[in-house]
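Structure first, then comments.
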Amino acid sequence: MEISKFENGIVFEVTVGLFDQKSKKQEISTVDALQTITRYVIDHCGGGTITTGNGVYTHEDGTVVVEPSIIIKIVGAKFEDIGNLVEDIKIFLNQESVLVEMSGKSYCFVE
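The sequence shown maps to residues 3 to 113 in the working numbering.
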């Protein structure tokens with residue numbers, strides 16, 4: 003097993019909450035959201051790693067919210083592809099915003 007052939011590239015992490023921006027509750031089940039977002043990730047970026055988690059934040063009125071979320075990690079995608087992916091997710095889940103993080107990393111796929 004050789005792990006010395008690292009490449010330098012960009013890794014994107016996209017985090018989206020599952021609460022609808024108008025109703026402030028989850029309108030699409032986590033299972034349905036995962037299925038659709040998986041299709042979007044394949045169509046726009048060729049693949050990625052998709053996990054679930056919880057986002058936690060406080061509204062201006064002091065209300066604390068724990069929101070089910072989907073986290074997507076994608077290695078080596080183009081900016082345009084990430085933009086198109088995020089736009090599709092925003093429309094599908096009726097989101098005001100989606101968090102996109104980008105970092106330069108060294109990575110390799112061990113075969």
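Glycine residues also receive a C-beta, built at the ideal position from the N, C-alpha and C atoms.
Asked	Found
Residues near Gly55 in its chain [Cβ-Cβ closer than 6 Å; skip 5 each side]	Ser71, Ile73
Meets three-Cβ-pair contact criterion under 8 Å: the stretch 88 to 101 and the stretch 27 to 39	yes
Contact under 8 Å by Cβ, Ile76 with Cys47	yes
According to DSSP, residues forming a beta bridge with Glu15	Lys75, Glu103
Rounded straight-line distance, which links the Cα of Val16 to that of Gln97	13 Å
Distance, Asp45 Cα to Asp63 Cα	40 Å
Own chain residues within Cβ distance below 6 Å of Lys107, not counting five before or after	Val13
Spatial distance of Glu69 from Glu113 (CA atoms)	37 Å
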